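Protein chains in written order, with our numbering: chain A, 2 to 255; chain B, 70 to 312. As structure tokens, the structure follows; a few thoughts come after it.
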């Protein structure tokens, strides 16, 4: 039983972005509460009732993030509403996506898995990350996939290689591969790469230009700076030293 | 002293160590960024220690020597001037060769850790080789001079680590120590810390700035088959300073 009314817009926000902060809920495009202070009151009330779980976005920091609990997921009949324990790098990536999508100059609504499957049934695969949205570029609307660069412990431009692998992998499927190729050929797809600062965005752009000179085609990757991400990252412990397998094992254990 | 991470000074130091200079002593940091603090050296050391504890900077003790006054260049040239003659290069080479002969001193320095380099989009600069340490500290001195006396130009300062290494892709292309760039990343001024350069080396550097770099880039660009977006040397003749 949930005593305090759980706004539909908050449920929708948590379904799309998996976590919320007071600042994001008060952002102009979301407008769930007019100020961060009022959004905080709502989030704290729902936390006290066991519907939300609060934790610092970065260990030891004051800024809190909120996720839905199993109780809320059960109440709304949506087991996916409550995410598993989020490691620091996962929550920072989710925060960056939510910040970019809902509190930037333009509103970019992330698609839920159901919405993506409905709009792009041939591209949708089980377990596909919920990171697609539609990016308007002039007169053109592109399907966009979000990747987040957290710096990490490897090479500075490893994330560009990761984008290339992502695209190559999606070109391999028989049906989905053809559709994906058409999207690329008609300039209807991009990877939106979220980075922490202008310097990184410029460096990635320079690497993309160099690759284009080398291979004769430009990778459809567009870097965007997420305000506030840099400060969060330098306050957080070093990320990126775990392999994907280690991350999955850790998540299963949690 | 407890330092609030994410403050502008910590961020500015990280930007400096990844995009402008290789090395920084606590004393240089104190002079450049903490001069208004009650105890500038203690404040600088505290921020650098905090950055170090978060694996954003690394520290090392090095030996280096100074090369004299860092408040004016040893030599400068602008496109409006004539090409210097060979006697000029010979005299300059002699002067440069004599100035790196002071006593060695030991100092603790900070440099960007791989984590900071990855975050800010550069290759981890590392500590460099011992033969580069005096040179690297002088770059920092010159940058601090720019910062103190020409802040608008200092904001346009890009160290070689923050630029593509064209010398690895284009034959005979040089990668100067630092450059001033405009809003479009076009190079407007080259800054070089001159080691014990020979007259031939100085003439090559002049050629690089007086149109050679532009031509080499254009040749490479047309050979690559696809138009690289911009020639960073599109001003063709670019002024330079030797420090």
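Think of the CB as a built atom: it goes at the ideal place given N, C-alpha and C, for glycine as much as any other residue. Treat the numbers as computed from the prediction; the structure is a model and nothing was measured.
(request) Please list, in chain order, all residues of the same chain as residue 135(B) whose beta carbon is under 6 angstroms from its beta carbon, the five residues on each side excluded. (result) For the purposes of this step, residue 135(B) is taken as the residue at position 66 of the second chain. So the qualifying residues of the chain are 171.
(request) With DSSP as the reference, please indicate the residues paired to residue 68(A) in a beta bridge. (result) The count along the first chain starts at 1 and reaches residue 68(A) at position 67. The partner list for residue 68(A) (beta bridge, DSSP) reads 54(A).
(request) Quick one: using the 10 Å Cβ neighbour count with 16 as the cut-off for buried, is residue 178(B) buried or exposed? (result) Position 109 of the second chain, counted from the start, is the residue given in the question as residue 178(B). Residue burial annotation: residue 178(B) is buried, with at least 16 other C-beta atoms found within 10 angstroms of its C-beta.
(request) Would you mind stating whether residue 260(B) and residue 283(B) have Cβ atoms separated by less than 8 angstroms? (result) In the second chain, the residue the question calls residue 260(B) occupies position 191. In the second chain, the residue the question calls residue 283(B) occupies position 214. No, these two residues do not count as a Cβ contact at 8 angstroms.
(request) Run the CB neighbour count on residue 173(B), radius 10 Å, all protein chains shown included, and call it buried at 16 or more, exposed below. (result) Position 104 of the second chain, counted from the first residue, corresponds to residue 173(B). Taking all protein chains in view, the Cβ of residue 173(B) is surrounded by fewer than 16 other Cβ atoms within 10 Å, so the residue is classified as exposed.
(request) Keeping to the same chain, check which residues put their C-beta closer than 8 angstroms to that of residue 118(A); ignore five residues upstream and five downstream. (result) For the purposes of this step, residue 118(A) is taken as residue 117 along the first chain, with counting starting at 1. 125, listed in sequence order.
(message) Tell me the DSSP secondary structure of residue 211(A) in three-state form.
(response) Counting from one through the first chain, the residue named residue 211(A) turns up at place 210. In the structure shown, residue 211(A) falls within a helical segment according to DSSP collapsed to helix, strand and coil.
(request) Keeping to the same chain, check which residues put their C-beta closer than 6 angstroms to that of residue 124(B); ignore five residues upstream and five downstream. (result) Along the second chain, read from residue 1 onward, the residue named residue 124(B) stands at position 55. Excluding positions up to five away in sequence, the list reads 182, 184.
(request) Could you name the residues of the segment 252 to 283 of chain B whose beta carbon sits closer than 9 angstroms to any beta carbon of chain A, in the order they occur along the chain? (result) The residues in question are 254.
(request) Per DSSP, which residues does residue 133(A) bridge with? Please list them. (result) Translated into positions along the first chain, residue 133(A) becomes position 132. Note: residue 133(A) is bridge-paired with 146(A) in the DSSP secondary-structure output.
(message) Does residue 38(A) come out as helix, strand or coil in the three-state DSSP assignment?
(response) Within the first chain, the letter at position 37 stands for residue 38(A). In this structure, residue 38(A) counts as helix in the three-state DSSP scheme.
(request) Determine the extent of the alpha helix (DSSP H) in which residue 116(B) is found, giving its start and end residues. (result) In the second chain, counting from the first residue as 1, residue 116(B) sits at position 47. In the DSSP assignment, residue 116(B) falls within the alpha helix (DSSP H) that extends over 109 to 122.
(message) According to DSSP, simplified to helix, strand and coil, what is residue 225(B)?
(response) The count along the second chain starts at 1 and reaches residue 225(B) at position 156. Correct three-state label for residue 225(B): coil.
(message) Can you give me the C-alpha to C-alpha distance between residue 138(A) and residue 152(A), rounded to a whole angstrom?
(response) Numbered from 1 along the first chain, position 137 holds the residue referred to as residue 138(A). Numbered from 1 along the first chain, position 151 holds the residue referred to as residue 152(A). Put simply, the backbone Cα of residue 138(A) is about 27 angstroms away from that of residue 152(A).
(request) With distances taken Cα to Cα, identify the nearest neighbour of residue 54(A) among 46(A), 25(A), 68(A). (result) For the purposes of this step, residue 54(A) is identified with residue 53 of the first chain, where counting begins at 1. Comparing Cα-Cα distances from residue 54(A) to each of 46(A), 25(A), 68(A), the minimum goes to 68(A).
(request) Would you mind giving the Cβ-Cβ distance between residue 197(A) and residue 227(A), rounded to the nearest angstrom? I have them listed as a contact below 8 angstroms. (result) As a first step, residue 197(A) must be located in the first chain, where it is residue number 196. As a first step, residue 227(A) must be located in the first chain, where it is residue number 226. Right, their Cβ atoms sit about 7 angstroms apart.
(request) Return the residue from the list 239(B), 258(B), 202(B), 311(B) that minimises the CA-CA distance to residue 222(B). (result) If you number the second chain from 1, residue 222(B) lands on position 153. Put simply, of 239(B), 258(B), 202(B), 311(B) the residue whose alpha carbon is nearest the alpha carbon of residue 222(B) is 258(B).
(message) Do residue 158(B) and residue 271(B) have their beta-carbon atoms positioned less than 8 angstroms apart in this structure?
(response) Walking along the second chain from the start, residue 271(B) turns up at place 202. Walking along the second chain from the start, residue 158(B) turns up at place 89. Yes, these two residues count as a Cβ contact at 8 angstroms.
(message) Assuming residue 180(B) is part of the beta strand (DSSP E), what are its boundary residues?
(response) Here residue 180(B) is taken as the residue at index 111 of the second chain, counted from 1. For residue 180(B), the uninterrupted beta strand (DSSP E) run begins and ends at 174 to 181, by DSSP.
(message) Quick check on the burial criterion: 16 or more other C-beta atoms within 10 angstroms. Buried or exposed for residue 96(A)?
(response) To locate residue 96(A), count along the first chain from 1; it is residue 95. Under the 10 Å beta carbon count, residue 96(A) is surrounded by 16 or more other beta carbons and is classified as buried.
(message) Less than 8 angstroms between CB atoms is the rule here; does residue 199(B) satisfy it with respect to chain A?
(response) For the purposes of this step, residue 199(B) is identified with residue 130 of the second chain, where counting begins at 1. No, its Cβ sits nowhere closer than 8 angstroms to a Cβ of chain A.
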